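**Student:**
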Amino acid sequence: MPSTTVNRAGLLPPRLLVLPGVYQPQADTRLLADALAGEDLHPTTEVLEIGTGTGAVALGAARRGAQVTAVDVSRRAVATTRLNALRHHLPLTVLHGDFTTRTRGRRFDLVLANPPYVPSPHTRLPTNGPARAWDAGPDGRLVIDRICASAPALLRPGGVLLMVHSAMCGPENTLKRLAQEGLAGETTLGARVSWGPVLHSRRAWLQERGLSEAGEEQEELVVIRARAL
């Protein structure tokens, strides 16, 4: 199967393979990697990454000695992550399927997530194709809300959730949801990035829903950090 190669200095692993149809590391990936850099990791730290894509962030945690499990609904993403783990000689457990099913009964010290968060005219999540990596329903929260609801079962006491999403899908709502689930959360890192092709193609629809202003060309991304009490 042909592949492309991402080579970015610093936060992401060098010579990262990206199989066709797999979400390439972008600004949100790097933002999550930045947030991960601020966490203490040890050989006994158990980490879960939800929606691992290429495995870039999961590999960063494994390189620092943590015990890392990465899960993705995309078979191509799972194959990509396994190839990248082999290429970088890093131990990584990679699972295919829904994160709640594949991790049932397990708890982690740190959960990482860069979930789909782009508002979409479709009311359901796509079941195939590259849009699975970004489309998240009319308010962009179909996956975010599932992660919020699942966080108490996934985290050990004192465990931390790091989750990236767009300001379009309401960081304040995420903080409220997490508080309702017994987690203390705050917005930590943020970045403004230029709109990509997907947002440009939905400009009129986003404006109709009040999710963007006329002429808007940048999206605000944030990382929410929440700790299980």
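Its first residue numbered 1423, the sequence shown is counted upward by one per residue in the numbering used here.
From the three backbone atoms N, C-alpha and C, an ideal C-beta is built for every residue, glycine too.
Remember, it's a predicted structure, so these values are computed and weren't measured experimentally.
1. Provide the residue(s) that pair with Thr1515 in DSSP beta bridges, ordered along the chain.
2. Across which residues does DSSP place His1622 in a beta bridge pair?
3. Excluding the 5 residues preceding and the 5 following Arg1563 in the sequence, name in chain order all residues of the same chain whose CB lies nearer than 6 Å to its CB.
4. Run through DSSP, which three-state label would Gln1640 get?
5. Considering only the alpha carbon of each residue, which of Asp1557, Gln1489, Pro1537 lies closest to Arg1546?
6. Considering Ala1478, what are the terminal residues of the alpha helix (DSSP H) in which it resides?
7. For Ser1634, write down the residues that DSSP places opposite it in a beta bridge.
8. In the DSSP assignment, find the alpha helix (DSSP H) that holds Arg1524 and state where it starts and stops.
9. Give me the Cα-Cα distance between Gln1640 and Asn1595, rounded to the nearest whole angstrom.
10. In whole angstroms, what separates the C-alpha of Thr1503 from that of His1511?
11. Touching or not, the stretch 1566-1582 and the stretch 1630-1644, by the rule of three or more beta carbon pairs under 8 Å?
12. At what residues does the alpha helix (DSSP H) containing Asp1450 begin and finish?
13. Taking its Cβ as the centre, do 16 or more other Cβ atoms sit within 10 Å of Leu1651, making it buried, or is it exposed?
14. What does DSSP give as the partner residue(s) for Ala1648 in the beta ladder?
15. Taking buried to mean at least 16 other C-beta atoms within 10 Å of its own C-beta, is Arg1614 buried or exposed?
16. For Ser1588, name the three-state secondary structure that DSSP assigns.
17. Pick from Val1490, Asn1550, Gly1551, Arg1437: whose alpha carbon is nearest that of Leu1458?
18. How should Ser1616 be labelled, buried or exposed, when 16 other C-beta atoms within 10 angstroms of its C-beta is the threshold for buried?
19. According to DSSP, what are the bridge partners of Val1500?
**Tutor:** So, from the listed chains and residues:
1. Note: Thr1515 sits in a beta bridge opposite Thr1491.
2. Beta-bridge pairing links His1622 to no other residue.
3. Cβ within range, chain order: Cys1591.
4. Correct three-state label for Gln1640: strand.
5. Looking from the CA of Arg1546, the closest CA among Asp1557, Gln1489, Pro1537 belongs to Asp1557.
6. Element bounds for Ala1478: 1478-1485.
7. Note: Ser1634 sits in no beta bridge, so no partner.
8. Its alpha helix (DSSP H) spans residues 1521-1524.
9. Distance between the alpha carbons of Gln1640 and Asn1595 is about 21 Å.
10. For Thr1503 and His1511, the distance between alpha carbons rounds to 12 Å.
11. No: the two stretches stay apart, fewer than three of their Cβ pairs being nearer than 8 Å.
12. Taken as a continuous stretch (DSSP letters only), the alpha helix (DSSP H) holding Asp1450 covers 1449-1459.
13. By the 10 Å Cβ count, Leu1651 comes out exposed.
14. Answer by DSSP bridge pairing, in chain order: Leu1583, Gly1607.
15. It counts as exposed.
16. In the structure shown, Ser1588 sits in a strand (DSSP, three-state: E or B).
17. When Val1490, Asn1550, Gly1551, Arg1437 are compared, the shortest CA-CA separation from Leu1458 is found for Val1490.
18. By the neighbour-count rule (16 or more Cβ atoms within 10 Å), Ser1616 is not buried but exposed.
19. When DSSP reads this structure, Val1500 sits in no beta bridge, so it has no partner.
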